[in-house]
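In structure tokens, the structure reads:
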């Protein structure tokens, strides 16, 4: 059996060793996911050009989904993730991350500029220069959590 670990870096090695002793392989492409309950993770596993990377959550600018593809953006690179957006939303620290549409989660501290529009939406400019929309469905939630 193979499992993917979504745990803090502190617990990763210890848990990996324990699972191997029990005959369970740790694989970042595994279908089954083992995560810490009610604790935000401090890193994610992503792929770029076939190479697997561990990405610290502090480096994340935003995560977006296109159909079955989930892309994590940092200042310099983009990575493909295997987790779905709703799973990531529950794993990431809600103090640092917020969902702004059905397809985008952003890092709150990477917001550079908030531009309101006439149609109950915001356009956010992020640290990497990209613009993302806060959709109407998330408009009030965003205002409340950002403090506007």
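Numbering (my numbering), first residue to last: 63 to 210.
Every residue, glycine too, gets a C-beta built ideally from N, C-alpha and C.
Three-state secondary structure (DSSP) of residue i
| i | result |
| --- | --- |
| residue 126 | strand |
| residue 96 | strand |
| residue 121 | helix |
| residue 71 | helix |
| residue 210 | coil |
| residue 16 | As shown, the chain starts at 63 and ends at 210. That puts residue 16 outside it, with no answer to give. |
| residue 170 | helix |
| residue 84 | coil |
| residue 231 | Since the first residue shown for the chain is 63 and the last is 210, residue 231 is missing from the structure and cannot be characterised. |
Which residues DSSP lists as bridging residue i, in chain order
| i | result |
| --- | --- |
| residue 139 | Per DSSP, none; premise fails for residue 139. |
| residue 110 | 113 |
| residue 199 | BP columns for residue 199 are empty, so no partner. |
| residue 178 | 184 |
| residue 22 | Examination of residue 22 is not possible in this model, given that the chain is present from 63 through 210 alone. |
Cβ-Cβ distance between residue i and residue j below 7 Å
| i | j | result |
| --- | --- | --- |
| residue 161 | residue 182 | no |
| residue 65 | residue 78 | no |
| residue 132 | residue 98 | no |
| residue 151 | residue 167 | yes |
| residue 185 | residue 195 | yes |
| residue 175 | residue 187 | yes |
Counted within 10 angstroms of its Cβ, other Cβ atoms place residue i as buried (16 or more) or exposed
| i | result |
| --- | --- |
| residue 200 | buried |
| residue 204 | buried |
| residue 103 | buried |
| residue 108 | buried |
| residue 113 | exposed |
| residue 173 | buried |
| residue 128 | exposed |
| residue 130 | exposed |
CB contact below 7 Å: residue i versus chain B
| i | result |
| --- | --- |
| residue 203 | Looking for chain B here will not work: only one protein chain is present. |
_Would the stretch 117-137 count as touching the stretch 82-94 if we require 3 or more Cβ pairs under 8 Å?_
no
*Do three or more CB pairs link the stretch 186-195 to the stretch 139-159 at distances below 8 Å?*
By the Cβ rule, the stretch 186-195 does not count as touching the stretch 139-159, because fewer than three pairs are nearer than 8 Å.
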